[in-house]
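Undergrad:
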Amino acid sequence: MKLASPPGTCAVRLQGCRRSFRTPDGGVYVALDRVDLEVRAGEFVALVGPTGCGKSTLLNLVAGLLPPDAGRVEVFGSPLEGINRRASYLFQQDVLLPWKTAEENVMLGLVFRRVPREEARRQARAWLERVGLRGFENRYPHQLSGGMRKRVALAQNLIVDPEILLMDEPFAALDVQTRQLMENDLLRIWQEERKTVLFVTHDLEEAIALSDRVVVLSAGPAARPVGEFPVDLPRPRDVTEVRLDPAFGELFRRIWDLLRGEVLRAFRLGP
Ligand SMILES: Nc1ncnc2c1ncn2[C@@H]1O[C@H](COP(=O)(O)OP(=O)(O)O)[C@@H](O)[C@H]1O
Ligand SMILES: [Mg+2]
Numbered sequence: 146m147k148l149a150s151p152p153g154t155c156a157v158r159l160q161g162c163r164r165s166f167r168t169p170d171g172g173v174y175v176a177l178d179r180v181d182l183e184v185r186a187g188e189f190v191a192l193v194g195p196t197g198c199g200k201s202t203l204l205n206l207v208a209g210l211l212p213p214d215a216g217r218v219e220v221f222g223s224p225l226e227g228i229n230r231r232a233s234y235l236f237q238q239d240v241l242l243p244w245k246t247a248e249e250n251v252m253l254g255l256v257f258r259r260v261p262r263e264e265a266r267r268q269a270r271a272w273l274e275r276v277g278l279r280g281f282e283n284r285y286p287h288q289l290s291g292g293m294r295k296r297v298a299l300a301q302n303l304i305v306d307p308e309i310l311l312m313d314e315p316f317a318a319l320d321v322q323t324r325q326l327m328e329n330d331l332l333r334i335w336q337e338e339r340k341t342v343l344f345v346t347h348d349l350e351e352a353i354a355l356s357d358r359v360v361v362l363s364a365g366p367a368a369r370p371v372g373e374f375p376v377d378l379p380r381p382r383d384v385t386e387v388r389l390d391p392a393f394g395e396l397f398r399r400i401w402d403l404l405r406g407e408v409l410r411a412f413r414l415g416p
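Taking the numbering used here, the leading residue of the sequence shown gets 146, the next gets one more, and so forth.
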């Protein structure tokens, strides 16, 4: 097994982070406040919370796409300034270029880094094979299923060998079976590569099945982590099988006890 960084290193640290937005009526909405969070190198952390609580905003802080209004974001011990170059970002929506084939889409990150085209193509083919898309290299995105496009996007993220993978509800739009296959593939690749993963989802079962630790965000405004739960289910895991483990149900109940209150609160405060 390859270790991307020495074990125990802190890959991501948020300290006292606050982020607000202007509202259309000229007011200020504080989405996140007093957010403290640490993710160790090689750790798989799932972030759950009610819809609209600030999960994507938190991920955007770590990606360097949004600066915090207060507090600090550190990446491997250094303050983050601008875009987080050590992370790659997998969104819920498709961001593949429709006029490029699967292979050309996967090559992009290397081409931007001036890797010679033939080498980039070779690596793209290898990554497409690793995500189960051998034979689909020359298909355009519209010729692929939703699950296949996700696989292309995953290969596109991994080919640049990021130390940190930020994933924002990446599988939410997939049907259950495709989703479970993708989750198992993600775990397999994670086990081989040991990237640091911060995975956002509103689905508690998915969070437990995948992660080493589940962090629960409170309902907004001023959302912040209100609980964290280590997941010591054995690995390697099969996401379908692991749900049958009695320890899974036990953990689900404990986390849901906390999350349920936040979901109800978000619903009552909601738009
Ligand atoms: N760019 C923005 N401008 C104004 N409000 C925003 C912006 N981004 C997010 N928000 C608000 O911040 C809150 C958190 O949003 P978000 O992080 O997308 O939540 P989640 O991902 O948990 O569903 C929501 O109330 C949302 O409306
Ligand atoms: Mg979101």
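For every residue, glycine included, the Cβ atom is placed at its ideal position computed from N, Cα and C.
Keep in mind that this is a model prediction, so the values were computed, not measured.
Regarding residue 166 and ligand 1, is the C-beta to nearest heavy atom distance less than 7 Å?
TA: Yes, Cβ of residue 166 sits closer than 7 Å to a heavy atom of ligand 1.
Undergrad: Which residues in the same chain as residue 158 place their Cβ atom closer than 6 Å to its Cβ, once the five residues preceding and following it in sequence are excluded?
TA: 183, 219, listed in sequence order.
Undergrad: Where does residue 345 fall in DSSP's three states?
TA: In the structure shown, residue 345 sits in a strand (DSSP, three-state: E or B).
Undergrad: Taking any heavy atom of ligand 2 as the mark, which residues have a C-beta closer than 7 Å to it, listed down the chain?
TA: This criterion selects 200, 201, 313, 314, 345.
Undergrad: Measure the C-alpha to C-alpha separation of residue 400 and residue 191 and round it to an integer number of angstroms.
TA: If you take the alpha carbons of residue 400 and residue 191, they lie about 12 Å apart.
Undergrad: Give me whichever residues DSSP pairs with residue 189 in a beta bridge.
TA: DSSP lists 342 as partners of residue 189.
Undergrad: So residue 343 packs on residue 311, CB below 8 Å; how close in whole Å?
TA: Correct: roughly 5 Å between the Cβ atoms.
Undergrad: With respect to the beta strand (DSSP E) encompassing residue 400, which residues constitute its N-terminal and C-terminal limits?
TA: Run containing residue 400: none in the beta strand (DSSP E); it sits in the alpha helix (DSSP H), 391-414.
Undergrad: Quick check: is any heavy atom of ligand 1 less than 7 Å from the C-beta of residue 198?
TA: Yes, since a heavy atom of ligand 1 falls inside the 7 Å radius drawn around the Cβ of residue 198.
Undergrad: Count Cβ pairs between the region 203-215 and the region 155-170 that sit closer than 8 Å; are there 3 or more?
TA: Output reads yes: the region 155-170 touches the region 203-215.
Undergrad: What's the gap between the Cα of residue 384 and the Cα of residue 355?
TA: One C-alpha to the other measures close to 7 Å.
Undergrad: For residue 234, verify whether its CB is less than 7 Å away from any heavy atom of ligand 1.
TA: For ligand 1, not one heavy atom lies less than 7 Å from the Cβ of residue 234.
Undergrad: Within the same chain, show all residues whose beta-carbon is closer than 8 Å to that of residue 308, passing over the 5 residues directly before and after it, in chain order.
TA: Answer for residue 308: 149, 150, 156, 186, 221, 231, 232, 340, 341, listed in chain order.
Undergrad: Report yes if the C-beta distance between residue 247 and residue 289 is below 8 Å; otherwise report no.
TA: Result yes, Cβ atoms of residue 247 and residue 289 sit closer than 8 Å.
Undergrad: Would you say the region 195-207 touches the region 383-397, given that touching needs at least three Cβ pairs under 8 Å?
TA: As far as the Cβ criterion goes, the region 195-207 does not touch the region 383-397, which means the pair count is below three.
Undergrad: Can you list, in chain order, the residues of its chain whose CB lies under 6 Å from that of residue 254, leaving out five sequence neighbours each side?
TA: Taken in chain order, the residues that qualify are 304, 305.
Undergrad: Can you give the Cα-Cα distance for residue 198 and residue 238, rounded to whole angstroms?
TA: Cα-Cα distance, rounded: 19 Å.
Undergrad: In this structure, does DSSP put residue 286 in helix, strand or coil?
TA: Helix at residue 286.
Undergrad: Tell me the DSSP bridge mates of residue 309?
TA: Residue 309 is bridged to 232, 341.
Undergrad: Tell me whether the beta-carbon of residue 209 lies closer than 8 Å to the beta-carbon of residue 235.
TA: Going by C-beta atoms, residue 209 is not nearer than 8 Å to residue 235.
Undergrad: Can you name the start and end residues of the alpha helix (DSSP H) that residue 273 belongs to?
TA: Element bounds for residue 273: 262-275.
Undergrad: Give the straight-line distance between the Cα atoms of residue 261 and residue 359, rounded to the nearest whole angstrom.
TA: Whole-angstrom Cα-Cα distance: 41 Å.
Undergrad: Excluding the 5 residues flanking residue 368 on each side, which residues of the same chain have their C-beta closer than 7 Å to its C-beta?
TA: Contacts found: 176, 177, 194, 198, 199, 362.
Undergrad: Look at the alpha carbon of residue 287 and the alpha carbon of residue 269, and state the distance between them as a whole number of angstroms.
TA: Approximately 19 Å between the Cα atoms of the pair.
Undergrad: Can you tell which of 331, 364, 352, 166 has the C-alpha that lies nearest to the C-alpha of residue 412?
TA: Closest option to residue 412, Cα to Cα, is 364.
Undergrad: Buried or exposed: which applies to residue 250, given that a residue is buried once 16 or more other Cβ atoms fall within 10 Å of its Cβ?
TA: Burial call: buried.
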